[in-house]
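Numbering (full-length UniProt numbering), first residue to last: 1 to 208.
Here it is, written out as structure tokens:
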């Protein structure tokens, strides 16, 4: 494995999204598992991500955190993988990648926390309200086979993970469009490979 690309993760975290993206690009990388009890808040890891969160990557000495940023960065850093549209065709790619990382994430987490903004408050929130955000992403995944059109991209790694997790854990409704979209993604070899690697790490920690 190359030390040129290091992946800091925990298999029971959003690191699974970044793992999927790493498997999609097909590059060598070294995995550093960061446990919640000690390493996550250690001085060594806080020097990489002061938030004390995973995932993070270090590529050629540069740190990237935030999963959407990791997906976009890797698509650009490894163009041979073909995971970003041509620059002139990136409108939907950027739009829905950052919609899922911003408004949708905020809507889902606030709804899970039982926070329902009043009409006055909703004007201050980028997502407006939960129903509006959910309906918007449903229309987006229904418009084309993939979130940015006919081609699978890094945006599908992020959006697909958000929808897969959301429908699995009940933070998003199990609408037909969501289930069909995630079914198209979850059969990808990179997704299956990434899931197997993270599930193996979980099994190792359970028997340690």
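Ideal placement from N, C-alpha and C gives every residue a C-beta, glycine not left out. Predicted model, so just to flag it, every value in this text is computed and none were measured.
Ignore the nearest five residues each way along the sequence and tell me which others in residue i's own chain have a CB closer than 8 Å to its CB.
| i | result |
| --- | --- |
| residue 153 | 75, 83, 84, 85, 93, 146 and 147 |
| residue 105 | 162 |
| residue 111 | 130 and 171 |
Just curious, the alpha helix (DSSP H) that residue i is in, first and last residue?
| i | result |
| --- | --- |
| residue 207 | 189-207 |
| residue 38 | First-last for residue 38: undefined, no H or E at that position. |
| residue 85 | Unbroken run through residue 85: none, as it is neither H nor E. |
| residue 100 | No alpha helix (DSSP H) contains residue 100, which DSSP labels as neither H nor E. |
| residue 167 | 154-169 |
| residue 127 | Where residue 127 is concerned, there is no enclosing alpha helix (DSSP H), given that its DSSP letter is neither H nor E. |
| residue 186 | 176-186 |
| residue 122 | 119-122 |
| residue 113 | Run containing residue 113: none; DSSP gives neither H nor E here. |
Could you give the distance in angstroms between the alpha-carbon of residue i and the alpha-carbon of residue j?
| i | j | result |
| --- | --- | --- |
| residue 117 | residue 4 | 45 Å |
| residue 206 | residue 30 | 22 Å |
| residue 181 | residue 160 | 7 Å |
| residue 149 | residue 142 | 10 Å |
| residue 77 | residue 12 | 26 Å |
| residue 102 | residue 67 | 11 Å |
| residue 115 | residue 122 | 11 Å |
| residue 109 | residue 57 | 24 Å |
| residue 69 | residue 156 | 13 Å |
| residue 194 | residue 88 | 30 Å |
| residue 90 | residue 151 | 11 Å |
| residue 196 | residue 44 | 28 Å |
| residue 1 | residue 135 | With a pLDDT of 39 at residue 1, under the threshold of 50, the modelled position of this residue cannot be trusted; read the value that follows with caution. Approximately 42 Å between the Cα atoms of the pair. |
| residue 125 | residue 138 | 20 Å |
Which residues does DSSP list as the beta-bridge partners of residue i?
| i | result |
| --- | --- |
| residue 146 | 149 |
Suppose the cutoff is 7 Å on Cβ atoms and the five residues either side in sequence are ignored; what does the same chain contact list for residue i look like?
| i | result |
| --- | --- |
| residue 60 | 4 |
| residue 9 | 15, 18, 19, 31, 33, 34, 54 and 55 |
| residue 72 | 97 and 154 |
| residue 140 | 96 and 147 |
| residue 189 | none |
Suppose the cutoff is 6 Å on Cβ atoms and the five residues either side in sequence are ignored; what does the same chain contact list for residue i look like?
| i | result |
| --- | --- |
| residue 40 | 34 and 52 |
Just to confirm the assignment: which complete alpha helix (DSSP H) runs, minimum length 4, are found wholly within the UniProt domain "GST N-terminal" (2-82)? Counting only unbroken stretches of 4 or more residues, the alpha helix (DSSP H) elements lying wholly within the UniProt domain "GST N-terminal" (2-82) are 15-25, 43-46 and 67-77, in sequence order.
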